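Comments concern the structure below.
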Ligand code: FES
Ligand code: FES
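Chains as they are written, first to last, in the numbering used here: chain U, -2 to 272; chain H, -6 to 162.
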């Protein structure tokens, strides 16, 4: 349970980090808060030759309102964002989900972008990013690009991030004025990864449900409003489309059940908090 | 900063329980092992080494964190507080420690240092915590002995004592 040897570079500037990632390619991993990466290193599921610590980089430690969205830099820790004044008003879904991310003892160090980079299919932050239609901002020595959250996650801990790219920030559109949001998850114990997590965004004309922990990535879908009798069938179809699997924690059938029940519950809750 | 080479030991400077300390660490050395083997501070316990059990919880710059999910080399210049730093004097327990003793908040004591460090940080910021909030803090720790109820009682008692001492009881 100790990491295999690696070099460690404390990057002071973005340029320094990008140069190191460029030179090392697949051999390097970005280290931010370390709350997803360190377990992987300790269990030797990852054996990088180089860790590039990006936490000293001042430019990555910014949270900013940018064109109706919240831009969260790669150096922002989960606990720091949780304490941001006005978060529940601008980002009610994120504010509702953050207390479910790990424990207080890991949120103190873990970053939002780190959780996105890790791309665990049951993690809360990637789910919120997909539910809100957010973006991932990637940068390498060759340039920068922006990827929609739904295209970023491609499978179990797999993303479209290229070898030498790093996540520089994520952006989440602010909640629309007449919209309601809700988040719920079911796990064995508080702080465990979710067996199933559901996030809903509802406005006057549309409803959107995102589900984590069932498919190999977080998946969002537009659904009928909770008042529409068509919702029942749509939820049923959504639940089956996620191709749930049995594992140690729950059966596929239980996960489908949770998508139907938890899905309806968050949609109703989101619709109710609009009113 | 130069790249720290794998397999070589590098000097680190940090503060442990208010005192400036230094020690050597390979890049892959975990903070938990650095504390125990390099600095000799064995009060911090190690259980799972992947962030689940909470035994290794220390305070880094005031916030509770897992020492097993932190590299020693990340701690250059940081202020670490461990269970050794809680007692005000060698022959006196802190209010929180005293409450654990009174309310049987520990049996084997394996989980205790981590739980104390989480609760100490929490009680500093929450003068009048409710039981639900304390349960939430404890959810980050596993205890195989007590069943948690005595720990909860100890934490509530400590909170009350601390509030009284601060004069806002
Ligand atoms: S040893 Fe660190 S959480 Fe278990
Ligand atoms: S007192 Fe033995 S594990 Fe908690």
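Using N, Cα and C, we set each Cβ at its ideal position, and we do this for glycine too.
Since this is a predicted model, take the numbers as computed values, not measurements.
Next item on the list: On the DSSP bridge assignment, give the partners of residue 182(U) in chain order.
Entry: BP columns for residue 182(U) point to 194(U).
Next item on the list: Pull every residue with its beta-carbon under 6 Å away from any heavy atom of ligand 1, and keep them in chain order.
Entry: In chain order, the hits are 39(H), 40(H), 41(H), 42(H), 44(H), 45(H), 46(H), 47(H), 48(H), 49(H), 59(H), 61(H).
Checklist line | Contacts around residue 115(H), its chain only, beta-carbon distance under 6 Å, and the 5 residues preceding and following it disregarded | finding: Closer than 6 Å at the Cβ level, and outside the excluded window around residue 115(H), lie 130.
Check: Would residue 111(H) be called buried (16 or more neighbouring beta carbons within 10 Å of its own) or exposed?
Finding: So residue 111(H) counts as buried.
Note to self: Would you call the region 143 to 157 of chain U in contact with the region 177 to 197 of chain U, where contact means no fewer than 3 C-beta pairs closer than 8 Å?
What the structure shows: Output reads no: the region 177 to 197 of chain U does not touch the region 143 to 157 of chain U.
Item checked: For residue 106(H), three-class secondary structure by DSSP -> Three-state DSSP puts residue 106(H) in a helix.
Next item on the list: Could you list the residues in the region 31 to 47 of chain U with a C-beta less than 7 Å from some C-beta on chain H, going in chain order?
Entry: Cβ contacts with chain H: 31, 32, 35, 36, 39, 40.
Notebook entry, point to check: Closer than 7 Å, Cβ to any Cβ of chain U: which residues of the region 36 to 58 of chain H, in chain order?
Noted result: Flagged, chain order: 42, 43, 44, 47, 50, 56, 57, 58.
Check: Can you tell which of 237(U), 201(U), 234(U) has its C-alpha closest to the C-alpha of residue 223(U)?
Finding: Shortest Cα-Cα distance from residue 223(U) to any of 237(U), 201(U), 234(U) involves 201(U).
Item checked: Proximity of residue 5(U) and residue 20(H) at Cβ, strictly below 8 Å -> Cβ distance < 8 Å, so residue 5(U) and residue 20(H) count as in contact.
Item checked: Endpoints, beta strand (DSSP E) assigned at residue 6(H) -> 3 to 9 is the span of the beta strand (DSSP E), which, as asked, contains residue 6(H).
Next item on the list: Give the interface partners of residue 130(H) over in chain U, defined as CB-CB distance under 7 Å, in chain order.
Entry: What residue 130(H) touches in chain U: 101.
Margin query: Since residue 161(U) and residue 138(U) should fall inside the 8 Å C-beta cutoff, what is the C-beta to C-beta distance between them, to a whole number of angstroms?
Written below: At roughly 7 Å, the Cβ-Cβ gap stays under 8 Å, so residue 161(U) and residue 138(U) are in contact.
Check: What residues from the region 58 to 85 of chain H come within 9 Å of chain U, judged by C-beta to C-beta, listed N to C?
Finding: Along the region 58 to 85 of chain H, going in chain order, the ones with a CB nearer than 9 Å to a CB of chain U are 58, 59, 61, 62, 63, 64, 66, 67, 69.
Check: So, does the CB of residue 149(H) fall closer than 8 Å to a CB anywhere in chain U?
Finding: It does not; no Cβ of chain U falls within 8 Å.
Note to self: Taking DSSP's pairing of strands, which residues face residue 16(H) in a bridge?
What the structure shows: For residue 16(H), which the question treats as bridged, DSSP gives the partners 5(H).
Note to self: Below 7 Å on C-beta distance, what does residue 273(U) contact in chain H?
What the structure shows: Because chain U in this structure spans residues -2 to 272, residue 273(U) falls outside the shown range and cannot be described.
Item checked: From 80(U), 98(U), 66(U), residue whose alpha carbon lies closest to that of residue 87(U) -> Shortest Cα-Cα distance from residue 87(U) to any of 80(U), 98(U), 66(U) involves 66(U).
Item checked: Cα-Cα separation between residue 138(H) and residue 95(H), rounded to whole angstroms -> Residue 138(H) and residue 95(H): Cα-Cα distance of roughly 16 Å.
Check: How big is the Cα-Cα spacing for residue 194(H) and residue 61(H)?
Finding: Coverage of chain H is limited to positions -6 through 162, which leaves residue 194(H) absent and any answer about it impossible.
Margin query: ligand 2 and residue 94(H): does the residue's C-beta get closer than 7 Å to at least one heavy atom of that ligand?
Written below: Within 7 Å of the C-beta of residue 94(H) there is not a single heavy atom belonging to ligand 2.
Checklist line | Top-ranked residue by Cα proximity to residue 110(U), from 43(U), 32(U), 83(U) | finding: Shortest Cα-Cα distance from residue 110(U) to any of 43(U), 32(U), 83(U) involves 32(U).
Checklist line | From 71(U), 98(U), 62(U), residue whose alpha carbon lies closest to that of residue 275(U) | finding: Outside the shown range of chain U (-2 to 272) lies residue 275(U), about which nothing can therefore be said.
Notebook entry, point to check: Do you know offhand how far residue 184(U)'s Cα is from residue 175(U)'s?
Noted result: In this structure, the straight-line span from the alpha carbon of residue 184(U) to that of residue 175(U) is close to 31 Å.
Check: So residue 109(H) packs on residue 76(H), CB below 8 Å; how close in whole Å?
Finding: That belief holds up - the Cβ atoms of residue 109(H) and residue 76(H) are roughly 6 Å apart, short of 8 Å.
Note to self: Can you look up residue 76(H) in the DSSP assignment and give me helix, strand or coil?
What the structure shows: Three-state result, residue 76(H): helix.
Note to self: Can you tell me whether residue 140(U) sits near ligand 2, meaning its C-beta is under 7 Å from at least one heavy atom of the ligand?
What the structure shows: Proximity of the beta carbon of residue 140(U) to ligand 2 is not indicated: no heavy atom of the ligand is located closer than 7 Å.
Checklist line | Residues, ordered as in the chain, of the region 222 to 240 of chain U that lie near chain H by beta-carbon distance below 9 Å | finding: If the cut-off is 9 Å between Cβ atoms, the region 222 to 240 of chain U has nothing near chain H.
Notebook entry, point to check: From 97(U), 239(U), 234(U), 135(U), pick the residue whose C-alpha is nearest to that of residue 15(U); which is it?
Noted result: Residue 135(U) is the option with its Cα nearest to residue 15(U).
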